[in-house]
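Residue numbers (our numbering), protein chains in the order written: chain A, 1 to 206; chain B, 207 to 412. C-beta atoms are modelled at their ideal positions from N, C-alpha and C, and glycine is treated no differently. Fair warning: this is a prediction, and the values are worked out from it, not measured in the lab. Single-structure report; data block below.
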DNA sequence: GACACAAATGGAGATGACCTCCATATTTAG
DNA sequence: CTAAATATGGAGGTCATCTCCATTTGTGTC
């Protein structure tokens with residue numbers, strides 16, 4: 001996708017400095033309070049240089065986002081390789097909440113950009129979505145998750161969690177969303193198995 | 207909350223014109239492509255007048271939002287009065303998706319503003335959240351919904367749906383999210399009852 | 001090392017959106 | 001009808017964004 005032109009040494013150095021500074025500012029949550037020109041100063045380059053590397057705020061955001069997404073995708077793959085499908089999915093989703101909580105400012109910033117009609121980040125999140133899709137597909141295959149819902153639904157829920165980051169009881173509610181989604185995803189067959197302890201009693205009652 | 211000063215006749219007329227035009231522009235999804243000054247022209251008032259009535263874009267958005275929220279809350283109350291709790295909740299959530307789909311541009315615009323750190327809309331959405339909370343509480347009371355999740359989780363999911371409005375398979379995915387949430391919300395007891403048809407077979411198999 | 005060519009820099013200044021201010025117009029009260 | 005209060009609108013100030021290009025820095029060649 002990205003045409004890999006061999007970047008000159010100083011250019012690469014500046015580019016890296018910009019991304020590093022951006023990540024820092026993101027995490028602090030100051031990304032939108034800062035004049036873009038001032039950001040250039042902050043990173044130790046001129047405005048022209050900033051604009052050459054990242055024509056827009058979003059372009060810069062996407063560069064930062066890439067790193068995040070890559071790390072998360074790795075994590076997904078790793079879980080998928082070492083855990084039963086259903087457990088891998090659950091662990092990954094729970095972990096996402098941890099991750100979002102840990103990088104509060106970053107999550108907030110990304111959610112804001114996400115909502116912008118630009119869609120620049122939609123492209124970047126494609127990879128993340130693929131990872132989730134894989135996790136769900138594996139769980140469907142082994143019968144622990146229903147087969148009539150799309151992984152996109154899970155993405156939507158995650159998006160909601162990320163976007164609502166400033167709610168008072170965020171952490172608790174976010175966990176609840178994951179619980180709802182996971183319980184909702186459980187296939188009828190699996191759900192019945194999980195409830196088998198109760199079932200025995202119920203049968204008698206019935 | 208809003209100090210009700212008796213507004214002069216022409217002032218009210220202009221104010222209403224602004225809100226009407228805003229709703230129109232919202233629905234078309236052009237809210238952010240439009241220079242705020244130009245918007246004043248469009249509504250037939252001077253920039254000064256626009257700024258007096260609505261000091262910021264968000265202030266204007268909130269005014270539009272108020273109408274939306276009021277309508278939705280009415281709907282929630284009506285459903286709650288005429289249907290069993292679980293059904294009222296389900297119907298309301300399904301209806302939200304219809305509503306968001308019908309007012310695409312508006313939903314999109316509001317999601318964008320929602321994500322902004324301003325939080326101006328968070329206040330406005332309080333009422334909507336209360337309505338959802340009531341619906342959930344009623345369903346918990348009659349035992350059709352588990353009691354260990356907060357209504358806030360449902361709000362998050364809804365938020366995710368609204369914010370992701372430009373996804374290709376939006377409608378299908380949005381419905382899936384609602385399905386997941388509703389199934390996830392079903393209390394263990396209710397879930398078992400709903401599955402009773404399957405249970406009979408299962409018992410034999412077991 | 002020195003030369004030349006390409007690539008990159010940075011910051012001064014143009015651009016254009018946002019918002020303020022106030023002389024004028026409209027409404028309301030007495 | 002008059003005056004006081006209230007509201008109007010758009011010209012112009014302010015400030016962030018982005019462009020442009022004269023200068024500097026890196027890279028490959030002899």
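(request) Assess, as a yes-or-no matter, whether the region 143-150 of chain A is touched by the region 346-358 of chain B under the definition of 3 or more beta carbon pairs within less than 8 Å. (result) no
(request) Check each candidate in A:88, A:12, A:73 and name the one with the smallest Cα separation from residue 52 (chain A). (result) A:12
(request) Put residue 303 (chain B) into one of helix, strand or coil per three-state DSSP. (result) helix
(request) Pick out whichever of A:183, A:16, A:130, A:32 has its Cα sitting closest to the Cα of residue 72 (chain A). (result) A:130
(message) For chain B, check one thing: does any of its Cβ atoms lie closer than 8 Å to the Cβ of residue 176 (chain A)?
(response) yes
(message) List, in chain order, every chain B residue whose beta-carbon is nearer than 9 Å to that of residue 167 (chain A).
(response) 328, 358, 361, 362
(message) Three or more C-beta pairs under 8 Å: does that hold for the region 286-293 of chain B against the region 238-251 of chain B?
(response) no
(request) Using 10 angstroms around the beta-carbon of residue 284 (chain B), count the other beta-carbons present and answer buried if the total reaches 16, otherwise exposed. (result) exposed
(request) Return the CA-CA distance between residue 9 (chain A) and residue 91 (chain A), expressed in angstroms with no decimal places. (result) 41 Å
(request) Just tell me which of B:342, B:316, B:273 has its CA closest to the CA of residue 368 (chain B). (result) B:316
(request) Mind checking who residue 186 (chain A) pairs with in its DSSP beta bridge? (result) A:145
(message) Assuming residue 75 (chain A) is part of the alpha helix (DSSP H), what are its boundary residues?
(response) 57-82
(message) Suppose you measure from the CA of residue 171 (chain A) to the CA of residue 235 (chain B); what does that come to, to the nearest Å?
(response) 32 Å
(message) Suppose you measure from the CA of residue 176 (chain A) to the CA of residue 157 (chain A); what does that come to, to the nearest Å?
(response) 11 Å
(request) Drop a sphere of 10 angstroms on the beta-carbon of residue 385 (chain B), count the other beta-carbons inside from all chains shown, and report buried for 16 or more, exposed for fewer. (result) buried
(message) Tell me which residue opens and which closes the alpha helix (DSSP H) that residue 159 (chain A) is part of.
(response) 151-163
(message) On the DSSP letters alone, give me the boundaries of the alpha helix (DSSP H) that residue 38 (chain A) sits inside.
(response) 36-43
(message) So, at 6 Å on beta carbons, what are the nonlocal neighbours of residue 106 (chain A) in its own chain, with the 5 sequence-adjacent residues on each side left out?
(response) 26, 27
(request) Answer with yes or no whether the minimum CB distance from residue 25 (chain A) to chain B is below 8 Å. (result) no
(request) Can you say whether residue 112 (chain A) is buried or exposed, counting buried as having 16 or more other CB atoms within 10 angstroms of its CB? (result) buried
(request) Please compile the residues from chain A whose C-beta is within a distance smaller than 7 Å of the C-beta of residue 355 (chain B). (result) 176, 179, 180
(message) What does the alpha-carbon distance come out to for the pair residue 223 (chain B) and residue 260 (chain B)?
(response) 12 Å
(request) Run down chain B in chain order and give the residues with a C-beta less than 8 Å from the C-beta of residue 164 (chain A). (result) 361, 362, 365
(message) Taking the alpha carbon of residue 333 (chain B) as the reference point, which residue from B:358, B:344, B:310, B:346 has its own alpha carbon closest?
(response) B:358
(request) Name the two residues that bound the continuous alpha helix (DSSP H) containing residue 21 (chain A). (result) 9-28
(message) Classify residue 32 (chain A): buried if its beta carbon has 16 or more other beta carbons within 10 angstroms, exposed otherwise.
(response) exposed
(request) Return the chain-ordered list of same chain residues with a C-beta closer than 8 Å to the C-beta of residue 411 (chain B), the five sequence neighbours on each side being excluded. (result) Residue confidence for residue 411 (chain B) is low, a pLDDT of 35 falling below 50, so the modelled location carries little weight; the figure read from the coordinates is stated next. Cβ within range, chain order: n/a, list empty.
(request) Give a yes or no on whether the C-beta atoms belonging to residue 331 (chain B) and residue 270 (chain B) are separated by under 8 Å. (result) no
(request) Taking 8 Å as the cut-off, decide whether the C-beta atoms of residue 159 (chain A) and residue 100 (chain A) are in contact. (result) no
(request) May I have the straight-line CA-CA distance separating residue 60 (chain A) from residue 345 (chain B), to the nearest angstrom? (result) 46 Å
(request) Could you name the residues of chain B that residue 173 (chain A) contacts, counting a contact when the two beta carbons are closer than 7 Å? (result) 356, 358, 359, 362
(request) Residues of the region 125-151 of chain A with a CB closer than 7 Å to any CB of chain B: list them in chain order, please. (result) 149, 150
(message) Within the continuous alpha helix (DSSP H) that includes residue 258 (chain B), where are the two ends?
(response) 253-259
(message) Among B:380, B:390, B:229, whose alpha-carbon lies nearest the alpha-carbon of residue 309 (chain B)?
(response) B:229
(request) Express the C-alpha separation of residue 35 (chain A) and residue 262 (chain B) in angstroms, rounding to a whole number. (result) 19 Å
(request) Go ahead and label residue 46 (chain A) buried or exposed: buried means 16 or more other beta carbons lie within 10 angstroms of its beta carbon, across all protein chains shown. (result) exposed
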